[in-house]
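Structure record follows, encoded as C-alpha cells.
Number of protein chains: 2
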Amino acid sequence: MADSSEKHVEKKPRHGERWNNLMHTAKELFWKYGFKRVSIEEICEKSGVSKMTFYRHFANKTEIAKAVFDEEVQHGVNAFRNIIHTTKFTTDQKMKMIISLKMNGSYDISKEFLQDFYSNPELGLKEYIEERTRAVWGEMLEDFRKAQRKGVFRKDFKPELFFHLSQKMADLINDKSMLELYESPQALMVELTNMMLYGIVERGEEK
Amino acid sequence: MADSSEKHVEKKPRHGERWNNLMHTAKELFWKYGFKRVSIEEICEKSGVSKMTFYRHFANKTEIAKAVFDEEVQHGVNAFRNIIHTTKFTTDQKMKMIISLKMNGSYDISKEFLQDFYSNPELGLKEYIEERTRAVWGEMLEDFRKAQRKGVFRKDFKPELFFHLSQKMADLINDKSMLELYESPQALMVELTNMMLYGIVERGEEK
DNA sequence: TAAAAATGGTACGAATATTGTATAATAAAT
DNA sequence: ATTTATTATACAATATTCGTACCATTTTTA
C-alpha cells in the first residue's frame, strides 16, 4: 500500500537488462492481446526472467502496464517536442508531421491494450490514465506556449482554452463507445487534434 | 467419448442463426487471440447468445474450435477444387492462383490459433488436426487424379508420392519450431507446395 | 390457439489458472 | 570472502472458467 509514489524521478532511468526484457515483452504481449489476456508468468517466461525478479521490479501486472504506458507516452511527447521546436519546418508542416506521425495523441497504444487497461474499475487505472493524460497534455501545453512566443500560433490564442479542450479530449478518448467508433485510439486522436490545431494555426505566416 | 463421428454429412448444414453467430465470433476471437486466451462466455457474450445455447450446439470449446477449423479447411478445399477443375486457365495460372490465394495449405488459419489449438496435449487436437489434414489432402489428391486424367499433370506421375509428401507436409506444418520460422502457416505452406507443384507440372502443354 | 422446441438468465460447485510470497540453492558482483 | 542478485520450486489464497441445473420466457410448429 504505502508504496513509493514519488512525483519526480531524480536519477536517469538506469534500469537493468531484466527490466528492459520484461518491459519489451510486456509491451509486445499487451499490444497484441490486451491487458487481461496476458499473465505475469507468460511475460516472465518469454523474457527469460524468473517470477521473483519480476516482483522485485514491479508490484504487480498493473504496475508494469503503467510503466509500459508511461514509457510509450513519454516517447511520444519527446517526439512531439522535437518536431514542434525545430526551425526547419513551417507551422503547417509541423502540424502535418505531428498528426501523420501518430504523435498527436502523443502515444501509439494498441486498441486491445487501452481498452482492457482502462476498463478495470477495481484498480485505479481510469484515474491513472486520466492523471497521466493530464500531465502529458500539461507538458505539451508548455511546448505550445513556447511555440506561441516564437510566433507559431496567434498571440491572442489562450493556452487555457487548449488546456480545457484537452481535458475534454481526455474524456472522449477514455470513452469506450467513442473508441469503438474508430479503428484505433490514434484515429480518434487524429480527428480531434486535427479539428483543434487547424483552427489555431496563424494563417499567412508561412515562415 | 462415444460421440457421433460420422464420416459423411447427409443433410446440408442447415444450422440456425445462433450457430452462425457463435461460429463467426469464435473465428474472429480465435484468429485474433488464439485458442486458450478466449473463453466460452466471451464468445457467447459477443455473439449475443446464452451459454446454455452454446452448450446445446457444442460440447465444449474444443468442439467449436474444431468446427471453425473444419469450416475454414473445407472452404479452402472447395476453392481449390473450383480452380483446379475450371477450363479457363492454364496449368501454370491455376498453380499460381492456388498458391497466391493462400489456398494451398487450403486454409487460412491464424498463427495464434493453430499454435494454441495444436499444442494441447490433453485433448486430442494433435491427432484431430492430423486426421483432418489427411482427409483434406485425400480430397485434394482425388482432385489431382481427375486433373491428371485430363492431362494437366504428367501421366507417369504417381499420386501416391504426392500423398506421402503430403503427410510429410502435415508433419512439418504441425511442427511448432517450423511454424515459428515463418510469418504464418500459409507462408510455410506456400513454400512447401511451391516446391512440390512446380516439379509436377506437365511442361510444354500450355493448354 | 395450444403444444413443443429453443433460448435466456441466474446461480452454483468443480476444475483450472493466476497471483503473490516464502524458501533454499546458484550465479554474479564487489 | 561476502554481499547481492537471480533462479527454481513449492505453496496458499484468489480469481477465472467450465459445465450443469433450474425455471421463466420467447419462438416455432402443428
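Each protein sequence line maps, in turn, to chains A and B. Going by the working numbering, the first sequence opens with residue 436, and the numbers climb by one from there. Going by the working numbering, the second sequence opens with residue 436, and the numbers climb by one from there. For every residue, glycine included, the Cβ atom is placed at its ideal position computed from N, Cα and C. Owing to the predicted nature of the structure, the values given are computational and were not obtained by experimental measurement.
**Study point:** Closer than 8 Å at the beta carbon, the chain A residues around Arg-648/B
**Key:** Nothing about residue 648/B can be read from this structure; chain B reaches only from 436 to 642.
Exercise for review: Measure from the alpha carbon of Glu-577/A to the alpha carbon of each residue in Glu-547/A, Thr-521/A and Arg-516/A, then state which is nearest.
Suggested key: For Glu-577/A, the closest alpha carbon among the candidates Glu-547/A, Thr-521/A and Arg-516/A is that of Arg-516/A.
Check your understanding: CB-CB under 7 Å to Val-503/B, same chain, minus the five flanking residues each way: which ones, in chain order?
Key -> Within the same chain, Val-503/B has close Cβ partners Met-458, Ala-461, Lys-462 and Phe-465.
Check your understanding: For Lys-486/A, which of helix, strand or coil comes out of DSSP?
Key -> Reduced to three states, the DSSP call for Lys-486/A is helix.
Check your understanding: So, are the CB atoms of Val-512/B and Val-473/B less than 7 Å apart?
Key -> No, these two residues do not count as a Cβ contact at 7 Å.
Exercise for review: Inspect the CB distances between the region 481-493 of chain A and the region 549-569 of chain A and report whether three or more fall short of 8 Å.
Suggested key: Fewer than three Cβ pairs drawn from the region 481-493 of chain A and the region 549-569 of chain A lie within less than 8 Å of each other, which leaves the two stretches out of contact.
Review point. Exposed or buried, what is Lys-581/B when buried is set at 16 or more other beta-carbons lying within 10 Å of its beta-carbon?
Key: Within a 10 Å sphere around the beta-carbon of Lys-581/B sit fewer than 16 other beta-carbons, which makes this residue exposed.
Review point. Is the distance from the Cβ of Val-484/A to the Cβ of Asn-455/A below 7 Å?
Key: Their beta carbons are not under 7 Å apart, which means Val-484/A does not touch Asn-455/A by this criterion.
Practice item. Could you say which of Lys-481/A, Ile-475/A, Glu-452/A and Glu-562/A lies nearest to Asn-495/A if we only look at CA atoms? Key: Looking at the Cα atoms, Ile-475/A is the closest of the given residues.
Check your understanding: Terminal residues of the continuous alpha helix (DSSP H) containing Ala-514/B?
Key -> First-last of the alpha helix (DSSP H) with Ala-514/B: 496-520.
Check your understanding: Given Cys-479/B, which residues of its chain have a CB within under 6 Å of its CB, disregarding the five upstream and five downstream residues?
Key -> Excluding residues up to 5 positions away in sequence, Lys-486 and Phe-489 lie with their Cβ nearer than 6 Å to the Cβ of Cys-479/B in the same chain.
Check your understanding: By a C-beta neighbour count over all protein chains shown, 10 Å radius and 16 as the cutoff for buried, is Glu-557/A buried or exposed?
Key -> Per the 10 Å Cβ criterion, exposed.
Review point. Relative to the C-alpha of Phe-470/B, which residue among Ile-519/B, Glu-452/B and Thr-497/B is closest?
Key: Nearest C-alpha to Phe-470/B: Thr-497/B.
**Study point:** Rounded separation between Val-508/B and His-450/B - CA only
**Key:** Spanning the two alpha carbons is a distance of roughly 18 Å.
Review point. Does the distance from the C-beta atom of Ile-564/B to that of Tyr-553/B stay below 7 Å?
Key: Yes, the pair counts as a contact, with Cβ atoms nearer than the cut-off.
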